[in-house]
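In the numbering used here, the protein residues as written are 5 to 467. Just so you know, even glycine gets a beta-carbon here, dropped at the ideal spot from N, CA and C. Written out below as structure tokens is the structure these notes cover.
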């Protein structure tokens, strides 16, 4: 907030105050210790080699880099040095991006482990840069950071088991709540993509996102009623408030919340992996916005996140734009912010059926909902489930957005006639890089056709 006590949005999205303590390196280290088979060095060094040798960039990345170097990164010389084109000029498709400082950092992590990031020379550079530029993260903050292992959330849907991420992510709670609400409503009987089915999906989204605003925070600081929110009983109560013929009012549903949760950017990274033995990983991690805070710590080559924008900024500041000021996610020292990450596994009879997840800020849960419904409700294969058109409602603002070419004009007009505020124009929603395991046990990588660059590869499995 500014000196006048009002929210200064730029401070939580750009620059040193926007950054929270970086957790990915410790998190990956913990996952490797618990489940990894290869030596840590062997896992990290290929990334260092890629950064050192560079890679050819796409037209989309060239456009993004040019925009950042001449825009958000411009006040930060180390960022421009890292991501600007050597010798000046504009990036173009086919140019090679080399990240030598990042390669050095990765080599140190490969050889010395995560401690070099949190207690060694990397931590020294972060702390020095923070102190010199008005940031808040100290060497002590980095040294004391610990990754936490939490039990995943589990739900069921017509014989399938849904396994997803627990708080402080809101993703697993929202996904399981929406599925529980929709399970008895027979979307398939209404017809996939029908007005009736889409109406019910929107209403389930509206209510799950309202519960997210009411209840979800860091469980180390707030009591999050996970069992209640993911129960069939709660879903039955929620479903009883849905009018099958008419859109609800978000403000009326949320009268207990004085009508700001921040507007979340739609940039995150997700991947799904399965090995020859059938061990699956679905992983989502994030800088928050595209290029995070726009700050590269000099000498390290990596960007700082702008995760502070994931906290609710100001107590009681909830409005129709979608900002939330409920208590559970207000800023406190040592607290983890609420995210929307929803890495998810679908199982049947104890065997994997689908690994999925997506970037997309607050749209993530609804993207994953669409993919999962394709499998568990509409009996689609993985390719068909990922290709289904997507839409998004998040309680506030009280508006549904759709992909540009996802639904017909007639369908959207019918939804408007039911009272929905519908906006067409989202070029794409999400990036659900997934793996589908067919009934015969074959694993198929399902890449996202919506993206310029999207890859899928799975190992040959002996039968």
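DSSP places residue 349 in no alpha helix (DSSP H) but in the uninterrupted beta strand (DSSP E) bounded by 348-352. By the neighbour-count criterion, in which 16 or more other beta carbons inside 10 Å mark a residue as buried, residue 18 falls on the buried side. CA-CA distance, residue 88 to residue 386, rounds to 39 Å. Rounded to the nearest whole angstrom, the CA to CA distance from residue 47 to residue 39 is 13 Å.
Of all alpha-carbon atoms in 417, 105, 285, 56, the one lying nearest the alpha-carbon of residue 302 is that of 105. Our two residues, residue 69 and residue 304, have alpha carbons roughly 18 Å apart in a direct line. Rounded to whole angstroms, the Cβ separation of residue 84 and residue 73 is 6 Å, and the two are in contact under 8 Å. Proximity of the region 190-210 to the region 158-175 falls short of the contact definition, fewer than three beta-carbon pairs being nearer than 8 Å. Runs of the alpha helix (DSSP H) lying entirely within the region 51-81 and spanning at least 4 residues, in chain order: 63-73. Here residue 426 carries a strand assignment [DSSP, helix/strand/coil]. In terms of CA proximity to residue 454, 391 leads the group 165, 315, 391. In the three-state DSSP reduction, residue 178 falls in the helix class (H, G or I).
Residues of the same chain with a CB within less than 6 Å of the CB of residue 274, apart from the 5 flanking positions on each side, are 288, 361, 362, 363, 437 in chain order. 395 is the residue among 419, 395, 108 whose C-alpha sits nearest the C-alpha of residue 433. By the neighbour-count criterion, in which 16 or more other beta carbons inside 10 Å mark a residue as buried, residue 412 falls on the exposed side. Pairing residue 261 with residue 332 gives a Cβ-Cβ distance that is not under 8 Å. Listed as beta-bridge partners of residue 367 by DSSP are no residues whatsoever. About 18 Å separates the beta carbon of residue 143 from that of residue 151, a gap too long to meet the 8 Å contact definition. In summary, residue 377 is buried, with 16 or more beta-carbon neighbours lying within 10 Å of its beta-carbon over all protein chains present. Burial is judged here by how many other beta carbons sit within 10 angstroms of a residue's own beta carbon; residue 353 has fewer than 16 and is exposed. Here residue 234 is near residue 180, since their CB atoms are less than 8 Å apart.
Contact annotation: residue 346 and residue 199 have beta-carbon atoms that are not nearer than 8 Å.
From the listed residues 162, 169, 161, the smallest Cα separation to residue 155 is found for 169.
Residue nearest to residue 33 within the set 111, 117, 90 is 117 (criterion: CA-CA distance). Taking C-beta separations shorter than 7 Å and ignoring five residues to either side along the sequence, the partners of residue 149 in its chain run 25, 27, 30, 122, following chain order.
By the neighbour-count definition (other C-beta atoms within 10 Å, threshold 16), residue 317 is a buried residue. In the three-state reduction of the DSSP assignment, residue 28 falls in the helix class.
The distance from the Cβ of residue 239 to that of residue 285 is about 29 Å, inconsistent with a contact at the 8 Å cut-off. If you ignore the 5 residues before and after residue 441, its C-beta comes within less than 6 Å of the C-beta of 356, 357, 447, all in its own chain and listed in chain order.
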